[in-house]
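According to the working numbering, the sequence shown is numbered sequentially starting from 1.
Backbone N, C-alpha and C define an ideal beta-carbon position, used for all residues, glycine too.
Source: prediction; values computed, not measured.
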Amino acid sequence: MQYLVIIIFSIFILLVNLFIKNKIKRVYVYIFLLIWFVVLIMSSFNLYGLYEVSVKIYYLIFFSIFCFLLGVFLSNKGLEKKKLLDDKIKKSKKEVIFNITSFINKLNKNIFIKLIMLLNLIFIFRYYSIYQKALVVLGSSEARRLRFFSGELFSSTLEIYFYNYYFETIAILSVLYISFVFVFSRFTLLAFINLLYVYFFANIGAGRFLLIEISFYVIVISIIKRMYFGVKSTFIKKGAFSFIFLCLYLIAIYFQNIRRGIYEYNINTILEGNERLLEHAVIYNIGPLRALEQGVNSFNATQNYKFFRLYFGGLDEFITVFLNYIGFKVTSANLEVGEVLFNEISIGVNQNFNALYTNIFYMYADFNLLGVFVCSIFNGIVFSYFFKRFYVYPTMINIIIFAFFTVTLYLSNMNWSFTTPSSWIFIFMCFYFSIKNK
Numbered sequence: 001m002q003y004l005v006i007i008i009f010s011i012f013i014l015l016v017n018l019f020i021k022n023k024i025k026r027v028y029v030y031i032f033l034l035i036w037f038v039v040l041i042m043s044s045f046n047l048y049g050l051y052e053v054s055v056k057i058y059y060l061i062f063f064s065i066f067c068f069l070l071g072v073f074l075s076n077k078g079l080e081k082k083k084l085l086d087d088k089i090k091k092s093k094k095e096v097i098f099n100i101t102s103f104i105n106k107l108n109k110n111i112f113i114k115l116i117m118l119l120n121l122i123f124i125f126r127y128y129s130i131y132q133k134a135l136v137v138l139g140s141s142e143a144r145r146l147r148f149f150s151g152e153l154f155s156s157t158l159e160i161y162f163y164n165y166y167f168e169t170i171a172i173l174s175v176l177y178i179s180f181v182f183v184f185s186r187f188t189l190l191a192f193i194n195l196l197y198v199y200f201f202a203n204i205g206a207g208r209f210l211l212i213e214i215s216f217y218v219i220v221i222s223i224i225k226r227m228y229f230g231v232k233s234t235f236i237k238k239g240a241f242s243f244i245f246l247c248l249y250l251i252a253i254y255f256q257n258i259r260r261g262i263y264e265y266n267i268n269t270i271l272e273g274n275e276r277l278l279e280h281a282v283i284y285n286i287g288p289l290r291a292l293e294q295g296v297n298s299f300n301a302t303q304n305y306k307f308f309r310l311y312f313g314g315l316d317e318f319i320t321v322f323l324n325y326i327g328f329k330v331t332s333a334n335l336e337v338g339e340v341l342f343n344e345i346s347i348g349v350n351q352n353f354n355a356l357y358t359n360i361f362y363m364y365a366d367f368n369l370l371g372v373f374v375c376s377i378f379n380g381i382v383f384s385y386f387f388k389r390f391y392v393y394p395t396m397i398n399i400i401i402f403a404f405f406t407v408t409l410y411l412s413n414m415n416w417s418f419t420t421p422s423s424w425i426f427i428f429m430c431f432y433f434s435i436k437n438k
């Protein structure tokens, strides 16, 4: 299988070199291919006693990646012929950089924003405190269930909706703000408040995923800064990046130890946690392929497809909540599949898994191979569209939208963000401000 993966990805790289002439765009596509290449190579070794993935799943993934590239190629025409900046904007790259840093500095100095974030921090800390107490009493598996049902953590279904719609959206904004500060600005009180917010939010069932997101956002935004704006990072900035990633790694180890009921933090627990973290990092990346196979087999047996409601699950949830509010009894695709995803499945010897099924699972669950074909091409087209928006009109909003979608693609081997309502709220907010500022 390793040889097949190498051959297929060599063909993909040749196609990318042939059809994508823009260097920056090519780098982003290379990273996407690199992530999947590493995941598939690691998966083929069946590490840590994981079950073997069938050949049909590998072909399904190859098919999805090819369709994504096809979408990118189909929407790639004319990019190099466009002006770097539209005549209406008339701003140099230096001015755009200045506007970004000025906007971040204004946020840093805005007392109202600080007060709002402090209030958010107080509320999220309350949820964090309740969750941590439940974690000690119930254990990690049972405590994670509290995130989805009314009970100890949430008093009602309405509160669950508010948490998912508001506090999750704030978490997305905080992660992006922190990432932009790392790349374009300096660490401030507001950045510290946002970092605390992300820390507490991550400890309420979200786990290490937010830390991974921050790392990828920093990479995506740094490429824009270096390759598009031509601004090199100073030695101090590079040192700061290294220190930040070290801190994120140590925090991830801390999360890992908490999940195992270890609350001491010393050199021994760090070394032990590091070993477990590396194992979990591998399993979290290649485990979803085993889950994907079981999910595909399940939908092949039932033929209970969702017809593109699941891939856009966050949007579907908004619609079903509204329909239920006006009297129609409708179940969202997320809820229909959620119980299946939440249940633990066996993916290896003494290895259980839940929740992460890759974005291909959602495509397949929507409409079999046709769902994979349509959604993958759609992803490629949308990626190219958002790239063009930022490349031709390099506003901060356009960079944010592009970074959000690109990071979502990079982490699609594990999850798909657009099944959550908060992702759609965030996207709608971005488009609203983009239209407003035209």
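Give the secondary structure of residue i by DSSP, where H, G and I count as helix, E and B as strand, and everything else as coil.
i    : result
I345 : strand
L278 : helix
L146 : coil
L74  : helix
T420 : coil
L50  : strand
K436 : helix
F182 : helix
I104 : helix
F431 : helix
N110 : coil
E152 : coil
T188 : coil
L335 : helix
F442 : No answer is possible for residue 442: it lies beyond the span of the chain, which begins at 1 and ends at 438.
M227 : helix
K232 : coil
N99  : helix
N120 : helix
N297 : helix
N415 : coil
N451 : In the structure as shown, the chain begins at 1 and stops at 438. Residue 451 is therefore absent and cannot be evaluated.
N266 : coil
Assuming residue i and residue j are in contact, meaning their beta carbons sit under 8 Å apart, how far apart are those beta carbons, in whole angstroms?
i    : j    : result
P421 : N120 : Incorrect: roughly 18 Å between the Cβ atoms, too far for contact.
A291 : I347 : 6 Å
F216 : V72  : No, F216 and V72 are not in contact; Cβ-Cβ is about 19 Å, not under 8 Å.
V447 : G49  : Nothing in the structure corresponds to residue 447, since the chain is present only between 1 and 438.
L33  : F66  : In fact, because the Cβ distance is near 11 Å, the residues do not count as touching under 8 Å.
I178 : I214 : 6 Å
F418 : F402 : F418 to F402, Cβ: 15 Å. No contact.
R147 : I204 : 7 Å
V16  : R26  : 6 Å
Over the uninterrupted beta strand (DSSP E) stretch that includes residue i, give me the two end residues.
i    : result
N352 : 351–353
For the alpha helix (DSSP H) holding residue i, just list the boundary residues, first then last.
i    : result
G313 : 313–325
A202 : First-last for A202: undefined, no H or E at that position.
T331 : From DSSP, T331 is part of no alpha helix (DSSP H); its letter is neither H nor E.
V407 : 396–410
I212 : 209–223
Y163 : Where Y163 is concerned, there is no enclosing alpha helix (DSSP H), given that its DSSP letter is neither H nor E.
L18  : 2–19
F387 : 358–392
R26  : 23–44
Here's the rule I'm using: 16 or more other beta-carbon atoms within 10 Å means buried, otherwise exposed. How should residue i be labelled?
i    : result
Y391 : buried
R144 : buried
G295 : buried
F307 : exposed
C247 : exposed
E60  : Rather than Glu, the amino acid found at residue 60 in this sequence is Leu. Flag for L60 reads buried.
N285 : buried
I7   : exposed
I399 : buried
V183 : buried
Y432 : exposed
R208 : buried
S64  : buried
E317 : buried
I435 : exposed
G327 : exposed
K329 : exposed
T320 : buried
G151 : exposed
How about residue i: is its C-beta nearer than 8 Å to some C-beta of chain C?
i    : result
Y325 : Looking at the structure shown, chain C is missing, and only one protein chain is on hand.
Tell me whether residue i, by its Cβ, gets closer than 7 Å to a heavy atom of the ligand MN.
i    : result
F322 : In terms of ligand content, the structure shown is empty, and the ligand MN therefore cannot be addressed.
Under 8 Å, with one C-beta from each stretch per pair, do the segment 187–199 and the segment 216–230 reach the 3-pair mark? Contact fails: fewer than three Cβ-Cβ distances are below 8 Å.
Does the segment 306–313 come within contact of the segment 359–366, defined as at least 3 CB pairs closer than 8 Å? Yes: at least three Cβ pairs fall under 8 Å.
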